[in-house]
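In this note's numbering, the protein residues as written are 45 to 226.
Yeah, the Cβ is synthetic: ideal placement off N, Cα and C, and Gly gets one too.
Notes for the one structure printed next.
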Amino acid sequence: YGPSPKAVEAMRAALTDDLRLYPDPNSDLLKHAVAGYYNVQPNQVFLGNGSDEVLAHIFHALFQHDAPLLFPDISYSFYPVYCGLYGIDYEMVALDEQFQIRAEDYARPNAGIIFPNPNAPTGCLLGLDAVEQIIKASPDSVVVVDEAYIDFGGETAITLVDRYPNLLVTQTLSKSRSLAGL
Numbered sequence: 045y046g047p048s049p050k051a052v053e054a055m056r057a058a059l060t061d062d063l064r065l066y067p068d069p070n071s072d073l074l075k076h077a078v079a080g081y082y083n084v085q086p087n088q089v090f091l092g093n094g095s096d097e098v099l100a101h102i103f104h105a106l107f108q109h110d111a112p113l114l115f116p117d118i119s120y121s122f123y124p125v126y127c128g129l130y131g132i133d134y135e136m137v138a139l140d141e142q143f144q145i146r147a148e149d150y151a152r153p154n155a156g157i158i159f160p161n162p163n164a165p166t167g168c169l170l171g172l173d174a175v176e177q178i179i180k181a182s183p184d185s186v187v188v189v190d191e192a193y194i195d196f197g198g199e200t201a202i203t204l205v206d207r208y209p210n211l212l213v214t215q216t217l218s219k220s221r222s223l224a225g226l
């Protein structure tokens, strides 16, 4: 499926002679729009060329420590690739018999935690109470909730970012909005 016809119409309407100019490197207008939509501050919004680029920055900048990075054993296939690329030690945490993430399995020494919610490829969703349990168990570690598929079901963890300074939430325009080319 392609993007919404309304989105395509809005993009066409926004096209002006400014296409010959380089864009604002800070993307301030977009940051403010995203911040307003999610009820966060613009300085809490980081934009990239897709969530894969944002995830690569996170892995490179925040997950290089002595302890292992934790993520589910059945999950997004790029997590171990990024670890290999940046020399990050990691441990894959087993899902339960119903392919669910168990929050208590992440309450151990770590250099960070990352998991998709809902999980890909299982589609299983972790409730916000369990997400919060993981965050609270590792207050000194960065916890990343990769919400590439959140629009297909579930409640975003963005509502938790003001309470937990160690929480990062990533989303993408490519999945539910079919806007990978932006």
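When the distance is taken between beta carbons, is residue j closer than 8 Å to residue i?
i	j	result
Pro162	Leu169	yes
Val84	Ile202	yes
Leu139	Asp173	no
Ser185	Ile157	yes
Glu191	Thr214	yes
Tyr134	Leu106	no
Tyr130	Gln108	yes
Leu74	Leu91	yes
Tyr123	Ala164	no
His101	Pro86	no
Thr166	Phe196	no
Assuming residue i and residue j form a contact by the criterion Cβ under 8 Å, report the distance between their Cβ atoms to the nearest whole angstrom.
i	j	result
Pro47	Ser222	4 Å
Under the rule that 16 or more other beta-carbon atoms within 10 Å means buried, what is residue i, buried or exposed?
i	result
Asn154	buried
Thr216	buried
Leu65	exposed
Leu212	buried
Phe103	buried
Val137	buried
Val125	exposed
Val52	exposed
Tyr45	exposed
Can you list, in chain order, the residues of its chain whose CB lies under 7 Å from that of residue i, leaving out five sequence neighbours each side?
i	result
Ser218	Gly94 and Ala224
Gln177	Ala147
Val78	Val89
Please return the same chain residues whose Cβ sits closer than 8 Å to the Cβ of residue i, not counting the five positions on each side in sequence.
i	result
Asn210	Ile179, Ser182, Pro183, Asp184, Ser185, Val186 and Val187
Lys50	none
Grab me the residues of residue i's own chain with a C-beta within less than 6 Å of its C-beta, minus the 5 sequence neighbours each way, in chain order.
i	result
Ile194	Thr200
Asp62	none
Contact criterion: CB-CB distance below 8 Å. Does residue i meet it with respect to chain C?
i	result
Ala58	Given the protein chain composition of this structure (a single chain), no chain C is represented.
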